[in-house]
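Structure, as structure tokens:
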Amino acid sequence: MPGATLKDIAAAAGVSVSTASRSLAGNPAISEKTRAKVMSIAQQLNYLPNAQARALRNSRSDAIGLIIPNLDNAYFAAMAAAVEEEANKRKLSTIITSCGEDPERLIKALDTLSQRQVDGIISVPLEGAEDALQRAAESRPLILIDRSLKNLPAVVSNPITGIHAAVAQLKSKGHTSIGYLSGPQETSTGRERLNAFKDATTGMDIHIHHGSFRHRSGYKGAIALLQEGVTAIVAGDSMMTAGALEACHNAGKRIGEEIALVGFDDFIFLRFQPAPISVIDQNVTRMGEEATARLVDAIDNKRQPESTVIDTRYIPRMSTAYRFPGEFT
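Number 433 marks the last residue of the sequence shown (my numbering); no jumps.
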């Protein structure tokens, strides 16, 4: 069929013209089954996209995309700022979108970024969007950040170094009953941090509260842990740290004196508490810079980015400085 048009392909495949177009462009929002069907029909009908369309796909937009769960989380806001700053240094603009921990919104964001013809994508992955991310990586350089998925490059932190150092200090201060605020186990970060905590506290009396990476979850979990009688709490996320901080204050517990608290990620408000909060820091600024640098290198060299792991570090402050029990009794 000489001179077949995109409309002909869509009709033969039983899909809309826009779906046919996105299938041929390798859009990650299109299922593998639909894309394969459209590609097969296009080949049968000898369909060739026009030269202008081919040129558009092969040109540079000088823009990258960033997909994060939300911007009201200080950690992800800092990540976005670092990515944007590093991209700006390289004369690239950044399109930032949030997906609210919703895989359907992440898939839609991938679709939007594909339509915008970004040169590459940085994304925090979510369970339920794995196939769409894999497909997106087939059409342009893509690198994950903060969390990982099998077979995709990622910039992530190693929680073992920071968590083990934090627990070692708590042990040295006499703590034997330690609580942990765990993130969701469907995320790589939630699993890895919990495993690191369990490994560091082998043989100790530990109490674990399973929750989400949210302030409310940290608050409820910390209240429960305080009621269970722990003398120290380790938070597995920045938002849960804020929730635990509020819970300790509302329960009338003097942080550093009556309860030790270790937070996650180093944000300025934690340094200006009556007892500054000890933290496990994963250096989100460096993570954003590394992800951007590796993505741009991949764009320039027409290949997929390379993975890297950044060690966390423990920053001890007054919230864990005193010996238990009884230094203040």
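Glycine included, every Cβ here is placed at the ideal spot set by N, Cα and C. Keep in mind that this is a model prediction, so the values were computed, not measured.
Annotation note: the segment 244-294 contains the following uninterrupted beta strand (DSSP E) runs of length 3 or greater, listed N- to C-terminal: 246-249, 258-262 and 281-286. Looking only at 165, 168, 200 and 194, the smallest Cα-Cα distance to residue 181 is reached by 200.
With a cut-off of 8 Å on Cβ pairs, the segment 129-143 is not in contact with the segment 171-188, counting fewer than three such pairs. Under the 10 Å beta carbon count, residue 373 is surrounded by fewer than 16 other beta carbons and is classified as exposed. Ranking 336, 400, 164 and 428 by CA distance to the CA of residue 194 puts 400 first. Residue 208 holds the alpha-carbon nearest to the alpha-carbon of residue 232 among 288, 204, 208 and 311. Excluding five sequence positions before and after residue 286, the CB atoms of its chain that fall closer than 6 Å to its own CB belong to 298, 312, 314 and 340, given in chain order.
In this structure, residue 423 and residue 379 form a Cβ contact; the two beta carbons are roughly 5 Å apart against a cut-off of 8 Å.
Shown here, residue 417 sits in a strand according to DSSP, grouped into three states. A contact is defined here as three or more CB-CB pairs under 8 Å, and the segment 315-325 fails this definition with respect to the segment 246-262.
Put simply, the segment 383-396 does not touch the segment 357-364. Fewer than three CB pairs are less than 8 Å apart. CA-to-CA, the gap between residue 291 and residue 388 works out to about 17 Å. DSSP places residue 367 inside the beta strand (DSSP E), whose first and last residues are 364-368. Under DSSP, residue 338 takes part in a beta bridge, and its partners are 284 and 366. In the DSSP secondary-structure assignment, residue 170 is bridged to 200 and 226. As the crow flies, the alpha-carbon of residue 420 is around 42 Å from that of residue 222.
Contact fails between the segment 400-409 and the segment 262-271, because fewer than three Cβ pairs, one in each stretch, are under 8 Å apart. Residue 121 has no beta-bridge partner at all, per DSSP.
Between residue 335 and residue 276 the beta-carbon gap is near 13 Å, outside 8 Å, which marks them as no contact. In the DSSP assignment, the residues bridged to residue 383 are 367 and 419. One Cα belongs to residue 254, the other to residue 229, and the distance between them is close to 11 Å. Under a 10 Å Cβ-count criterion, residue 136 is classified as exposed, with fewer than 16 other Cβ atoms of the shown protein chains found around its own Cβ. Bounds of the alpha helix (DSSP H) holding residue 372 are 372-375. In terms of Cα proximity to residue 414, the closest of 395, 408, 376 and 349 is 395. By the 16-neighbour rule on beta-carbons within 10 angstroms, residue 301 is buried. By the 16-neighbour rule on beta-carbons within 10 angstroms, residue 410 is exposed.
Following the DSSP letters along the chain, one finds residue 310 inside the beta strand (DSSP E) bounded by residues 309-314. Counting along the chain, residue 165 sits inside no alpha helix (DSSP H), nor does DSSP assign it H or E at all.
Rounded to whole angstroms, the gap between the alpha carbons of residue 240 and residue 323 is 37 Å. Considering only 198, 148 and 192, the residue with the shortest C-alpha distance to residue 172 is 198. The beta-carbon distance between residue 149 and residue 112, rounded to whole angstroms, is 6 Å. This is short enough to meet the 8 Å contact definition. Excluding sequence positions up to five before and after residue 163, its CB lies less than 7 Å from no other CB in the same chain. Around the beta carbon of residue 307, a 10 Å sphere encloses fewer than 16 other beta carbons of the protein chains shown; the residue is thus reported as exposed.
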